[in-house]
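If you read the sequence shown in the numbering used here, its first letter stands for residue 7, the second for the next number, and so on.
Just so you know, even glycine gets a beta-carbon here, dropped at the ideal spot from N, CA and C.
Every value quoted in this text rests on a predicted model; they were computed, and no experiment measured them.
One structure below.
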Amino acid sequence: EGAVLSIRQGGVGWEASLTAAHHKLSHLEKRIHAREDPTELVDLWFNSEKEFHQTLISACGSTTLKHMHSLIYAQFRQQLMKADRRFDFISNNIQQHSDILEAALAADEALTRKRVHDHLARHLTGQTATLASESDAE
Numbered sequence: 007e008g009a010v011l012s013i014r015q016g017g018v019g020w021e022a023s024l025t026a027a028h029h030k031l032s033h034l035e036k037r038i039h040a041r042e043d044p045t046e047l048v049d050l051w052f053n054s055e056k057e058f059h060q061t062l063i064s065a066c067g068s069t070t071l072k073h074m075h076s077l078i079y080a081q082f083r084q085q086l087m088k089a090d091r092r093f094d095f096i097s098n099n100i101q102q103h104s105d106i107l108e109a110a111l112a113a114d115e116a117l118t119r120k121r122v123h124d125h126l127a128r129h130l131t132g133q134t135a136t137l138a139s140e141s142d143a144e
């Protein structure tokens, strides 16, 4: 819902910020994907990925929604780190982040919801399923 509200309220400034956050993230994802051992870039990627998702909901107008997203995002990411120590999920996210950006910039609310859902659903296993279902804050 945060992404949808941002689409409705964000305007050109939000679109520019989202595009810039995606550009940074995409650049890191491509560098990580090209490396055999991406360990030294993983922290940068985590920060950039978090920035992209925070920017996606940044214009939603709800402090509560943004706060809940931050808490759930941290928990979800922690579970993902435990499940995938090889960081395969990073290189697999390149197209999904691009798809989310494309849908959001097209102001297609239904497609944005679907793409965010699909992005989160690919990581759902056991314990992370509960956390991800709570991530509807995004």
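Beta-carbon proximity check, residue i vs residue j, cutoff 9 angstroms
i: A110; j: A9; result: yes
i: S12; j: S64; result: yes
Status (buried if at least 16 other CB within 10 Å, exposed otherwise) for residue i
i: N99; result: buried
i: T45; result: exposed
i: E55; result: buried
i: G17; result: exposed
i: A127; result: exposed
i: R121; result: buried
i: A27; result: buried
i: L77; result: exposed
i: T69; result: exposed
i: H75; result: buried
i: E35; result: buried
Integer-rounded CB distance, given that residue j should sit under 8 angstroms from residue i
i: T61; j: L24; result: 5 angstroms
i: H103; j: F58; result: 6 angstroms
i: W51; j: I38; result: 6 angstroms
i: C66; j: Q15; result: 7 angstroms
i: L71; j: E7; result: 7 angstroms
Residue-chain proximity (residue i, chain D), Cβ-Cβ < 9 angstroms
i: V122; result: This model lacks chain D altogether; it includes just one protein chain.
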